[in-house]
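Participant:
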Amino acid sequence: MKLLVPLSVLAFVAPSLGSILRGNHRNLANYIYKEYPGVCRKNSDGTGGGSNGVEYDLYKKQDNSDLDYHWCKDKCNNQSSCTGFEYRSSGDTSQCEVWKKPILGFVKKNGHDCMVKGD
């Protein structure tokens, strides 16, 4: 008897198991993100930038000197309420928005990445 497991299940389980075996408990989830080249928006028509503390939590490089794209992604991966993140890098002013409300749109903007979390 063969056990058939959907590929989507394997893609989620395998990285988590590997993390556990390596002793890396910081990031047990390995989500797939859809990338949009711009800023995240709460409305599908591209309006509604959201508010810090309501739609997202804002982190700035001066608050955390290790802040980079991977730090931002890890922050989102480790929060079950995270729906995605926006990352902007501009020298010493890098910032990360970890969204906790649905991201339904984006507006193109150079230097920004809007990453929507998938399953």
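All the letters of the sequence shown, read from the start, carry residue numbers 1406 to 1524 under this note's numbering.
We put the beta carbon where it would ideally sit given N, CA and C, even for glycine.
Could you check which residue in 1435, 1495, 1453, 1482 has the C-alpha nearest to that of residue 1515?
Facilitator: Comparing Cα-Cα distances from residue 1515 to each of 1435, 1495, 1453, 1482, the minimum goes to 1495.
Participant: What residue from 1471, 1437, 1460 has the CA that sits closest to residue 1497's CA?
Facilitator: When each option's Cα is compared against that of residue 1497, the closest is 1471.
Participant: Quick check on DSSP: helix, strand or coil for residue 1438?
Facilitator: DSSP places residue 1438 in strand when its eight states are reduced to three.
Participant: State whether the segment 1470-1490 contacts the segment 1449-1456, with contact taken as three or more CB pairs (one from each stretch) at a distance under 8 Å.
Facilitator: Verdict: no, contact absent.
Participant: In chain order, what residues of the same chain have a beta carbon less than 7 Å from the beta carbon of residue 1427, not counting five sequence neighbours either side?
Facilitator: In this prediction, residue 1427 has a pLDDT of 33, which is less than 50 and means its spatial position is unreliable; what the coordinates show is noted afterwards. So the list is empty, once near-sequence residues are dropped.
Participant: Quick check: the Cα distance between residue 1449 and residue 1508, rounded to an integer number of angstroms?
Facilitator: Roughly 8 Å separates the two Cα atoms.
Participant: Between the alpha carbons of residue 1504 and residue 1510, how many angstroms are there, rounded?
Facilitator: Near 13 Å, if we compare the C-alpha coordinates of residue 1510 and residue 1504.
Participant: Just how far apart, CA to CA, sit residue 1486 and residue 1460?
Facilitator: Whole-angstrom Cα-Cα distance: 11 Å.
Participant: What does the alpha-carbon distance come out to for the pair residue 1444 and residue 1435?
Facilitator: If I take the Cα positions, the gap works out to 23 Å.
Participant: Quick check on residue 1462: does DSSP put it in helix, strand or coil?
Facilitator: The answer is strand: DSSP assigns residue 1462 an E or B state.
Participant: Write down the C-beta distance between residue 1447 and residue 1506 rounded to the nearest angstrom, noting that I regard them as a contact closer than 8 Å.
Facilitator: With a Cβ gap of about 6 Å, residue 1447 and residue 1506 count as contacting.
Participant: Sorted by chain position, which residues of the same chain lie with C-beta nearer than 7 Å to residue 1437's C-beta, five sequence neighbours on each side aside?
Facilitator: Answer for residue 1437: 1523, listed in chain order.
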